[in-house]
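Notes for the one structure printed next.
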Amino acid sequence: MKEKLDFYSTEVIKTYNLSPEIRYQLKILDSLDPFTRKHSEGVAEMTNKLCKEMNMSEGFTIYCTICAYVHDIGKIFIPPKVLQKTGKLTEEEYEIMKSHTTIGYNICQSDLKLRPYEAGPLYHHEALDGTGYPNGLIGNEILIEGQIIRVADEYDAITNKRQYKQQISRVDTLKILIENTKPTKFSKGRNGLFGKRYGKNNPKIVRALVKIVKEEVEQEIYEKILNVNNLANEIKRYELAKKMYDKYITAKTNDRIEYFKAYTKGYLTRTEEVENTPIYLEDSKKTYDLRKEELEKLKEEFKEIKKLRV
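Every letter in the sequence shown is one number past the one before it in our numbering, and letter 210, counting from 1, is 504.
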């Protein structure tokens, strides 16, 4: 099952050794709009997985996860008309939106408990090739936690982008992130023996992301197969019940009516009504077809993800 992070639960405080003071400070995120709050949780969850996949220490993983959780804290002070705009931002609005990085940094700086996590707000929009903001840093000038959070942020933002009517698939999202590991004509920095330029994203981190998503899809396929198999068994049960139900509704004597009614009921659960037997069968077949279609899509998605190379 997909691991969820809830920074307000005592279980997480115990697992990650978060002090009650930090827990209290993190409640500042209650001021965020629901979409941004959910996004912050999604980025923190993926950051946590990336750190574990990359074999980071437990201490760094905790630290980096909290940095990710507060990465958009500066959006508290971005005007709703800008933050929640569905269309393209104007140049002026974009500059306002970009300021959430430095605003978030200043919020953390002004609070002793949040100060250790200032890297989250400050670095998550920096790009290795120097095209990011707020400071246009290049390569290793960007802390590794910032590089990790950037990838987690991009992945969650694209797959859950609010202005899109249709959700962008995980495969297409991964393709975008992989493309962002490659240098462009706008790339500023150079590294390596042959002066190879940076892309926006760290390939090692994106490679870890691809592996995580592939494993998630694989798990979803496994769970969907179980679901489809259970539905197939349900259909068999309802088909047997339907045979008895058909005899029940055509029976002529009370004895036969009661006999076939009881027989039908024997195939149903306590909460299921004999009279609804045809509906149960029809609904289960529809659900089966839907889940089967979803399973095939997942299998195709898995094949596409396996083809990806970073």
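Positions of the beta carbon are idealized from the N, C-alpha and C atoms, including for glycine.
- Within the model, the alpha-carbon separation for L584 versus F480 is close to 45 Å.
- I367 and E335 have their C-alpha atoms spaced approximately 12 Å apart.
- Under the DSSP assignment, F371 falls outside any alpha helix (DSSP H); it carries neither an H nor an E label.
- Around M340, the same chain offers A446, Y449, D450 as residues with beta carbons nearer than 7 Å, after the five sequence neighbours per side are excluded.
- When secondary structure is reduced to three states using DSSP, D423 falls in the strand class.
- In this structure, E439 places its C-beta atom within 9 Å of the C-beta atom of C361.
- The region 422-441 makes contact with the region 489-499, as at least three CB pairs between them are under 8 Å.
- DSSP places T359 inside the alpha helix (DSSP H), whose first and last residues are 352-363.
- Within a 10 Å sphere around the beta-carbon of L503 sit 16 or more other beta-carbons, which makes this residue buried.
- Minimum Cα-Cα distance from G398 among the listed residues V364, I543, E517 corresponds to V364.
- Looking at Y539, T565, E588, the one whose alpha-carbon comes closest to that of K518 is E588.
- For a cut-off of 8 Å, the C-beta gap from E595 to R464 is around 7 Å, short enough to register as a contact.
- For G398, the enclosing alpha helix (DSSP H) begins and ends at 394-403.
- Apart from sequence neighbours up to five positions away, the residues of its chain that approach E514 with a beta-carbon distance below 6 Å are L592, ordered along the chain.
- Residues T475, V604 of the same chain have their beta carbon placed closer than 8 Å to that of P497, with the five preceding and five following residues left out of the count.
- For N524, the uninterrupted alpha helix (DSSP H) segment begins and ends at 497-544.
- Ranked by how close their Cα comes to the Cα of P328, the residues N523, S404, N454, D405 have N454 in first place.
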